[in-house]
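Student: Just so you know, the protein sequences line up as chains D and V, in that order. Read in full-length UniProt numbering, the first sequence has 13 at position 13, and its numbers run on one by one without any break. Read in full-length UniProt numbering, the second sequence has 48 at position 48, and its numbers run on one by one without any break. Backbone N, C-alpha and C define an ideal beta-carbon position, used for all residues, glycine too. Remember, predicted model here, so these are calculated numbers, not experimental data. Handing you a structure now.
There are 2 protein chains.
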Amino acid sequence: MTKENLELLSTNKVRYGGELRKYKFKSAALGGLDSNFNLYLPPQVASGKAPVLVYLAGLTCTEDNGAQKGSFFGPAAAKGIALLFPDTSPRGAGIEGEDADWDFGTGAGFYLNATNPKFSNHYNMLTHVTLELPQILEAADLPLDLSRQSIFGHSMGGHGALTLYLASKTNQYRSASAFSPICNPVNCPWGQKAFNGYLQGGVTEATDQYDATELIKKHKEPVRILIDYGTGDNFYKQGQLLPENFVKAARDTGHDEGQVQVRSQDGYDHSYYFISTFATDHINFHAQYI
Amino acid sequence: MTKENLELLSTNKVRYGGELRKYKFKSAALGGLDSNFNLYLPPQVASGKAPVLVYLAGLTCTEDNGAQKGSFFGPAAAKGIALLFPDTSPRGAGIEGEDADWDFGTGAGFYLNATNPKFSNHYNMLTHVTLELPQILEAADLPLDLSRQSIFGHSMGGHGALTLYLASKTNQYRSASAFSPICNPVNCPWGQKAFNGYLQGGVTEATDQYDATELIKKHKEPVRILIDYGTGDNFYKQGQLLPENFVKAARDTGHDEGQVQVRSQDGYDHSYYFISTFATDHINFHAQYI
């Protein structure tokens, strides 16, 4: 991956200081398609490298939703943390049916590597987020310390944050947090649809790799996880999120409140109005570790 | 306008307390089309009526952009101000050509009342904002004091805020402010296109009613106006905003810095990243008067 491949599309001065940049590059992980990401650089990069907190967005979203609606810049500027906002899927792969549903295909990559041959050339968001983007950022000589990364996300992106954190063999991320995450996707309709579509082995193949509740059962080492969800969230009520399953699995495996904190927030829903309300808590949580 | 016509589509708990509601109703001003608006109610409505600050969004926007990206709720909660977010145009009028351009027709109502017969049945955002929405809110028995209103907006919505404020015969709004407003639309391409399309008399008809720079020349009474624009704003550089013309007209008419403050903000652009940076300043400005 060379620096020349990276194109700066725009740069914005933002509230509380710092700068938001939008980049485009040809993504090898996504089968050579153009892919965008946003990068927030806090004011502190004037005098040194910033650690990186990765934000994974939810179904139907792009690299813009978290940047525009998350209210993350204030606390990130206060703590000197850079924010990386990847897209949520490849764009324009041209695979039959990929634009038919809002919860599968475009905008719904689920942060996995597809093994179904129909999707495996393009739908590799796991590699895109964990390997390709860090390589791109390193090659670009940006003022980032990529040895200090943490990860958070919303809904499908909360699933992504928890699973990439728990499944990493290299402890790539120091901590993980999530707003309204899909905690047990092998047991909910969104996850089952995604896994049966993207993976040759379907839900069975997903269980070991892409399900936060299953992953924490096998994760004996200490973890640093914070989760918030709202009791007014319709997707929670419909059984798409299943945070209780994750809490039970965590506790059964010996992860106490100090390691896995799951907070039920009264009356809040699934929107960015909810996320922005608890944004500072999440940034400050990660600031302890990166 | 009856209360029965008003449908609550959703309600969100938001950051800093308070509640955002989205409503739908059949708008007489817009020719009987369904129209949405958002309403932010600050926590203080638990113990009394809140004054209303109207936010008018810019080209291509809806009632959601300001609510989602403006960072207005924090300062509004601090000051006990309700925020009303109207849409920017009628939707689905079915007029030939209304969806062809991003800067005319749908999403581009320019806060005027059309006189061109092709548009005059539907494109009446002036009446919608100044008369119809207050009537709807009054009829709904919401905890609002509509005798205390101010108005602000962005770009096309900044034009709307300034012109509705300056043209009101009843001093409906106590103060006006704008981010990157179109200050002299009869002299810029966006304004000329809109006026020549919506108004039978074109730009000539607009000059007396819908141009902030022309209006302030005839406005001898004291005014309360705050404007911010960014020097990195491409639309400013292209001559769509023309704040200098407004400042000159204001000063020539005797409105000093205490009445008309226009601030050039170094390096900022036309986006909501800019708006959110100065959101608190604008809310606090209006809080002095409502």
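(1) Which value, in whole angstroms, describes the spacing of the CA atoms of Q265 of chain V and K24 of chain D?
(2) Which stretch, first to last residue, makes up the beta strand (DSSP E) that contains T11 of chain D?
(3) Please look up how many angstroms separate the CB atoms of Y173 of chain D and L162 of chain D, rounded, as I've assumed it's under 8 Å.
(4) Is the separation between the beta-carbon of A194 of chain V and that of F119 of chain V shorter than 8 Å?
(5) State the start and end residues of the unbroken alpha helix (DSSP H) segment that holds L59 of chain V.
(6) Which two residues bound the contiguous alpha helix (DSSP H) that contains K26 of chain V?
(7) Below 9 Å on C-beta distance, what does D233 of chain D contact in chain V?
(8) Let's test the definition: count the other Cβ atoms within 10 Å of the Cβ of P51 of chain D and tell me whether it reaches 16, buried, or not, exposed.
(9) Just how far apart, CA to CA, sit I95 of chain V and G197 of chain V?
(10) Nearest to K69 of chain V by alpha carbon, out of D:I290, D:I275, D:L84?
(11) Just how far apart, CA to CA, sit T231 of chain D and G32 of chain D?
(12) Taking only beta-carbon atoms, is K69 of chain V less than 8 Å away from chain D?
(13) Thinking C-beta only, is G158 of chain D closer than 8 Å to I136 of chain D?
(14) With H, G and I counted as helix, E and B as strand and the rest as coil, what does DSSP make of F72 of chain V?
(15) With 16 other CB atoms within 10 Å as the buried threshold, where does N65 of chain V fall?
(16) Pick helix, strand or coil for Y40 of chain V, following the three-state DSSP scheme.
(17) From this set, D:W190, D:L133, D:D87, which residue's C-alpha is nearest A102 of chain D's C-alpha?
(18) Can we count Q261 of chain V as close to the ligand GTP, meaning its CB is less than 7 Å from some heavy atom?
(19) Looking at the unbroken beta strand (DSSP E) that takes in A161 of chain V, where does it start and where does it end?
(20) Counting only the same chain and skipping the five closest in sequence on each side, list residues whose C-beta sits under 6 Å from that of D145 of chain D.
(21) From what residue to what residue does the alpha helix (DSSP H) around G197 of chain V run?
(22) Could you run through the region 32 to 49 of chain D and flag, in chain order, every residue whose CB is less than 7 Å away from some CB of chain V?
(23) Could you check the C-alpha separation between M1 of chain V and A139 of chain V for me, to the nearest Å?
(24) In terms of residues, what are the limits of the alpha helix (DSSP H) holding residue 296 of chain D?
(25) Once you ignore the five residues that flank E205 of chain V on each side, which residues in its own chain have a CB closer than 8 Å to its CB?
(26) Closer than 7 Å, Cβ to Cβ, to anything on chain V: give me those residues from the region 2 to 16 of chain D, in chain order.
(27) For chain D, is any of its Cβ atoms less than 8 Å away from the one on K22 of chain V?
(28) I want to see whether chain V comes within less than 8 Å of G157 of chain D, judged by CB atoms only; does it?
(29) Can you give me the start and stop residues for the alpha helix (DSSP H) that I225 of chain V sits inside?
(30) How far does the alpha helix (DSSP H) with Q135 of chain V in it reach, from first residue to last?
(31) How far does the beta strand (DSSP E) with F85 of chain D in it extend, from its first residue to its last?
(32) Closest to S168 of chain V by CA distance: which of V:N124, V:L142, V:H219 is it?
(33) At a Cβ cut of 7 Å, what residues of the region 259 to 273 of chain D count as close to chain V, listed as they run along the chain?
(34) Name the chain D residues whose beta carbon is nearer than 9 Å to that of S180 of chain V?
(35) Suppose you measure from the CA of Q288 of chain D to the CA of E257 of chain D; what does that come to, to the nearest Å?
(36) Exposed or buried, which one is K79 of chain V when buried takes at least 16 other CB atoms within 10 Å?
Tutor: So, from the data block:
(1) 28 Å
(2) 7 to 13
(3) Their Cβ separation, rounded to whole angstroms, is 10 Å, which puts Y173 of chain D and L162 of chain D out of contact at 8 Å.
(4) no
(5) Taken as a continuous stretch (DSSP letters only), L59 of chain V belongs to no alpha helix (DSSP H), as it is neither H nor E.
(6) Here K26 of chain V belongs to no alpha helix (DSSP H); instead the beta strand (DSSP E) covers 19 to 27.
(7) Residues of chain V passing the Cβ test: none, with the nearest at roughly 11 Å.
(8) buried
(9) 12 Å
(10) D:I275
(11) 41 Å
(12) yes
(13) no
(14) coil
(15) buried
(16) strand
(17) Correcting the residue identity first, residue 102 of chain D is Trp in this sequence and not Ala. Nearest of D:W190, D:L133, D:D87 to W102 of chain D, Cα basis: D:W190.
(18) Absence of the ligand GTP is noted for the structure shown, with no ligands found whatsoever.
(19) Element bounds for A161 of chain V: not the beta strand (DSSP E) but the alpha helix (DSSP H), 156 to 167.
(20) K49, P51
(21) 189 to 198
(22) none
(23) The predicted position of M1 of chain V is uncertain, since its pLDDT is 46 and thus under 50; a value taken from the coordinates is nonetheless stated next. Roughly 7 Å between the two C-alpha positions.
(24) Because chain D is modelled from 1 through 290, residue 296 of chain D falls outside the range shown and cannot be assessed.
(25) T115, F195, L199
(26) N12, K13, V14, R15
(27) no
(28) no
(29) Note, I225 of chain V: premise wrong, no alpha helix (DSSP H); beta strand (DSSP E) at 225 to 230.
(30) 133 to 139
(31) 82 to 86
(32) V:H219
(33) G267, Y268, D269, S271, Y272, Y273
(34) None at all; the shortest Cβ gap to chain D is about 13 Å.
(35) 16 Å
(36) buried
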